[in-house]
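K.L.:
Chains as they are written, first to last, in my numbering: chain G, 2 to 197; chain L, 9 to 275.
The structure that follows is given in the form of structure tokens.
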């Protein structure tokens, strides 16, 4: 069992320490806390990365980068400024996007995007049977977007495309892409009940 | 920055949270965030929203090796100090922010391009330790700028041909931390080494790839690889057991590495 370092846990969770507490412990060099944090979040982190990269071994490489970065920079995480899972997933998404773009110049980039386009469910909300509560919530919220907003949001977030790539792909001006992404995020935020 | 430009930035909030900006745009947007409290609030909300998109993906079970590698790696990986580095570290910071994708304020929390951030976490333990040592080494006698510049293409080609013809040519197909394939060639007989890659990502104008030989705890500058170059012969004599490294440095190069290596290759 882990001894938490915070004086006043912000929220009392079940029995186990909160991810925020774990990250705080990791920041003080606690390797056991890191192992627990890893065990509790790795499938989600890897799931997100693999959604963008498709390839499993590349995804594991990026996940390894992300978790090492979490270890190195946990000292900079401030629980008062946001949830631990947001911090970790933002980092994971960014590294995955970096990796996708790094191969931009190589031919396999186009191939991969091509493959992804034909992957069933990529351009639509997956209604898969066995999904998490979170997944259902998000799927529901995504379904409330206009088709055009949803397409742009998914190409950006799950496809790792930049706004100019989206503009080229959909043959629309970049300004329109930006507007769609922002309008889409406003609607998603409201549907998901993200509070300021 | 005019109010009008800021108005334009207002429409970038979605693209920013969804990761659809280029690193340069992201930096500009983050500067705008410093100026606008409303934009910061929106960025935080959108950051949380994007993270929900992230947590809605199908979980994937990692291999047992990933866990084992990580637990081994953290045992020898230093953590960032809790506070920002000293001002003398400014160049380092700037270089990192420019290249290594910059700190983010998404969700209100800073995501640092930390020491070794984008760096290969593929390093084996001893190499990671070496790199950590390399990063803190300060050379007494620096070789910066001019002396490290590349030879003209033709000389370079000749040197590479000589390397390729060497009886004891060693060639390793390595991968930089961003996934770029890089070939490392060396010959102990010729005491020479070279890097070739057709796909090095383009850098900002004020940045350059710098090559290093790491020997007995010392990190020795071994020349630059400018944007657009596909090959670079390393300056200086390669000694047996040297580790070859590449970092991104401010234009002209540095006396000692200021960013984490994007590639390390033992010879």
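C-beta atoms are modelled at their ideal positions from N, C-alpha and C, and glycine is treated no differently.
Please classify residue 215(L): does DSSP put it in a helix, a strand, or coil?
P.N.:
Counted from its first residue, the second chain places residue 215(L) at position 207. If DSSP states are grouped into helix, strand and coil, residue 215(L) belongs with the strands.
K.L.:
By how many angstroms is the C-alpha of residue 62(L) removed from the C-alpha of residue 116(G)?
P.N.:
Locating residue 116(G) in the first chain gives position 115, counting from the first residue. Locating residue 62(L) in the second chain gives position 54, counting from the first residue. Bear in mind that the predicted position of residue 116(G) carries a pLDDT of just 41, short of 50, making it too unreliable to give a figure here.
K.L.:
Does residue 174(G) get closer than 8 Å to chain L when you measure Cβ to Cβ?
P.N.:
Against the first chain, residue 174(G) aligns to sequence position 173. Closer than 8 Å: no.
K.L.:
Return the residues of the stretch 75 to 96 of chain G that lie within a Cβ-Cβ distance of less than 8 Å from chain L, sorted by chain order.
P.N.:
The residues in question are 75, 76, 77, 78, 79, 82, 83, 84, 86, 87, 88, 90, 91, 92, 93, 94, 95 and 96.
K.L.:
Among 177(G), 158(G), 145(G) and 32(G), which has the Cα closest to the Cα of residue 84(L)?
P.N.:
For the purposes of this step, residue 84(L) is taken as the residue at position 76 of the second chain. When each option's Cα is compared against that of residue 84(L), the closest is 32(G).
K.L.:
I'd like to know if the stretch 53 to 68 of chain L and the stretch 41 to 49 of chain G are in contact, where contact means that at least 3 CB-CB pairs between them fall below 8 Å.
P.N.:
At 8 Å Cβ cutoff, the stretches touch.
K.L.:
In chain G, which residues lie with their C-beta within 9 Å of the C-beta of residue 19(L)?
P.N.:
For the purposes of this step, residue 19(L) is identified with residue 11 of the second chain, where counting begins at 1. Residues of chain G passing the Cβ test: 176, 179, 180, 182 and 183.
K.L.:
With three or more beta-carbon pairs closer than 8 Å as the criterion, would you say the stretch 136 to 145 of chain G touches the stretch 164 to 183 of chain G?
P.N.:
In short, these stretches do not touch, since the Cβ pair count stays below three.
K.L.:
Mind checking which residues open and close the alpha helix (DSSP H) that includes residue 166(G)?
P.N.:
Reading the first chain from its first residue, position 165 is the one you call residue 166(G). Unbroken alpha helix (DSSP H) run through residue 166(G): 164 to 171.
K.L.:
Put residue 23(G) into one of helix, strand or coil per three-state DSSP.
P.N.:
Within the first chain, the letter at position 22 stands for residue 23(G). In the structure shown, residue 23(G) sits in a helix (DSSP, three-state: H, G or I).
K.L.:
Suppose you measure from the CA of residue 36(G) to the CA of residue 30(G); what does that come to, to the nearest Å?
P.N.:
One-based indexing of the first chain puts residue 36(G) at position 35. One-based indexing of the first chain puts residue 30(G) at position 29. Rounded to the nearest angstrom, the two C-alpha atoms are 11 Å apart.
K.L.:
How about residue 61(G) and residue 200(L): do their beta carbons lie closer than 8 Å?
P.N.:
Here residue 61(G) is taken as the residue at index 60 of the first chain, counted from 1. Here residue 200(L) is taken as the residue at index 192 of the second chain, counted from 1. Contact flag unset, no.
K.L.:
What distance in whole Å lies between the Cβ atoms of residue 273(L) and residue 180(L), which are believed to be in contact at a cut-off of 8 Å?
P.N.:
Residue mapping note: residue 180(L) aligns to position 172 of the second chain, counting from 1. Residue mapping note: residue 273(L) aligns to position 265 of the second chain, counting from 1. Right, the Cβ-Cβ distance comes to about 6 Å (below 8 Å), so this counts as a contact.
K.L.:
Is residue 7(G) close to chain L? Criterion is C-beta to C-beta, closer than 8 Å.
P.N.:
Reading the first chain from its first residue, position 6 is the one you call residue 7(G). The pLDDT assigned to residue 7(G) is 43, lower than 50, so where the model puts this residue is not dependable, and the model offers no usable value.
K.L.:
Take residue 176(L) and list the residues in its own chain whose beta-carbon comes closer than 7 Å to its own, dropping the five residues that flank it on each side.
P.N.:
Counting from 1 along the second chain, the entry for residue 176(L) is found at position 168. Closer than 7 Å at the Cβ level, and outside the excluded window around residue 176(L), lie 195, 196 and 197.
K.L.:
Using the Cα positions of residue 18(L) and residue 49(L), report the straight-line distance between them to the nearest angstrom.
P.N.:
As a position in the second chain, residue 18(L) is number 10, starting the count at 1. As a position in the second chain, residue 49(L) is number 41, starting the count at 1. Cα to Cα, the separation comes out at about 12 Å.
K.L.:
Within this structure, are the beta carbons of residue 270(L) and residue 254(L) separated by less than 8 Å?
P.N.:
Here residue 270(L) is taken as the residue at index 262 of the second chain, counted from 1. Here residue 254(L) is taken as the residue at index 246 of the second chain, counted from 1. Contact flag set, yes.
K.L.:
Between the alpha carbons of residue 204(L) and residue 99(G), how many angstroms are there, rounded?
P.N.:
Position 196 of the second chain, counting from 1, holds the residue named residue 204(L). Position 98 of the first chain, counting from 1, holds the residue named residue 99(G). Those two C-alpha atoms are separated by around 22 Å.
K.L.:
Using a Cβ-Cβ cut-off of 6 Å (strictly less than) and excluding sequence neighbours within five positions of residue 184(L), which residues of its own chain qualify?
P.N.:
Counting from one through the second chain, the residue named residue 184(L) turns up at place 176. Excluding sequence neighbours, residue 184(L) sits near 190, 270 and 271.
K.L.:
Classify residue 44(G) as helix, strand or coil using the three-state DSSP reduction.
P.N.:
Position 43 of the first chain, counted from the start, is the residue given in the question as residue 44(G). Correct three-state label for residue 44(G): helix.
K.L.:
Taking residue 68(L) as the query, report the chain G residues whose CB atoms sit under 7 Å from its CB, ordered along the chain.
P.N.:
Along the second chain, read from residue 1 onward, the residue named residue 68(L) stands at position 60. By Cβ distance, chain G contributes 44, 47, 48 and 51.
K.L.:
Which same chain residues, not among the five before or five after residue 50(G), have their C-beta less than 6 Å away from its C-beta?
P.N.:
Numbered from 1 along the first chain, position 49 holds the residue referred to as residue 50(G). If we look at residue 50(G) and ignore the five residues flanking it on each side, its Cβ neighbours are 60, 63, 64, 93 and 97.
K.L.:
Inspect the beta-carbon positions of residue 58(L) and residue 78(G) and report whether they are closer than 8 Å.
P.N.:
By 1-based counting over the second chain, the position of residue 58(L) is 50. By 1-based counting over the first chain, the position of residue 78(G) is 77. Taking 8 Å as the Cβ cut-off, residue 58(L) and residue 78(G) do not qualify as a contacting pair.
K.L.:
Looking at the unbroken alpha helix (DSSP H) that takes in residue 153(G), where does it start and where does it end?
P.N.:
On the first chain, residue 153(G) is found 152 positions in, with the first residue counted as 1. Per DSSP, residue 153(G) belongs to the alpha helix (DSSP H) from 148 to 158.
K.L.:
Can you say whether residue 39(L) is buried or exposed, counting buried as having 16 or more other CB atoms within 10 angstroms of its CB?
P.N.:
Position 31 of the second chain, counting from 1, holds the residue named residue 39(L). That one is exposed.
K.L.:
Does any residue of chain L have a CB that is nearer than 8 Å to the CB of residue 145(G)?
P.N.:
Here residue 145(G) refers to the residue found at position 144 when the first chain is read from its first residue. No - not a single Cβ of chain L is within 8 Å of the one on residue 145(G).
K.L.:
Going along the stretch 24 to 37 of chain L in order, which residues come within less than 8 Å of chain G, judged by CB to CB distance?
P.N.:
For the stretch 24 to 37 of chain L, which is checked against every Cβ of chain G, the residues closer than 8 Å are 25, 26, 27, 28, 29 and 30.
K.L.:
So, is the C-beta of residue 152(G) closer than 8 Å to a C-beta in chain L?
P.N.:
On the first chain, position 151 is the one that residue 152(G) refers to. Answer no: the Cβ-Cβ gap between residue 152(G) and chain L never drops below 8 Å.
K.L.:
Relative to the C-alpha of residue 275(L), which residue among 242(L), 260(L) and 178(L) is closest?
P.N.:
Residue 275(L) sits at position 267 when you count from the first residue of the second chain. If we check each option's Cα against that of residue 275(L), 178(L) comes out closest.
K.L.:
First and last residue of the beta strand (DSSP E) that includes residue 253(L)?
P.N.:
Stepping through the second chain from its first residue, residue 253(L) is reached at position 245. Per DSSP, residue 253(L) belongs to the beta strand (DSSP E) from 251 to 258.
K.L.:
Suppose you measure from the CA of residue 43(L) to the CA of residue 76(L); what does that come to, to the nearest Å?
P.N.:
The residue given as residue 43(L) occupies position 35 in the second chain. The residue given as residue 76(L) occupies position 68 in the second chain. So the two alpha carbons sit approximately 44 Å from each other.
K.L.:
Measuring CB to CB, does residue 22(L) end up less than 8 Å from residue 82(G)?
P.N.:
One-based indexing of the second chain puts residue 22(L) at position 14. One-based indexing of the first chain puts residue 82(G) at position 81. No, Cβ-Cβ distance for residue 22(L) and residue 82(G) is not below 8 Å.
K.L.:
With 8 Å set as the bound, which would you pick, yes or no: does the beta-carbon of residue 37(G) sit closer than that to a beta-carbon of chain L?
P.N.:
The count along the first chain starts at 1 and reaches residue 37(G) at position 36. False, the Cβ-Cβ gap to chain L never drops below 8 Å.
K.L.:
Taking DSSP as the reference, what is the three-state secondary structure of residue 231(L)?
P.N.:
To locate residue 231(L), count along the second chain from 1; it is residue 223. Strand, per DSSP.
K.L.:
Taking 8 Å as the CB-CB cut-off, is residue 39(L) touching chain G?
P.N.:
Reading the second chain from its first residue, position 31 is the one you call residue 39(L). So no, residue 39(L) is outside the interface.
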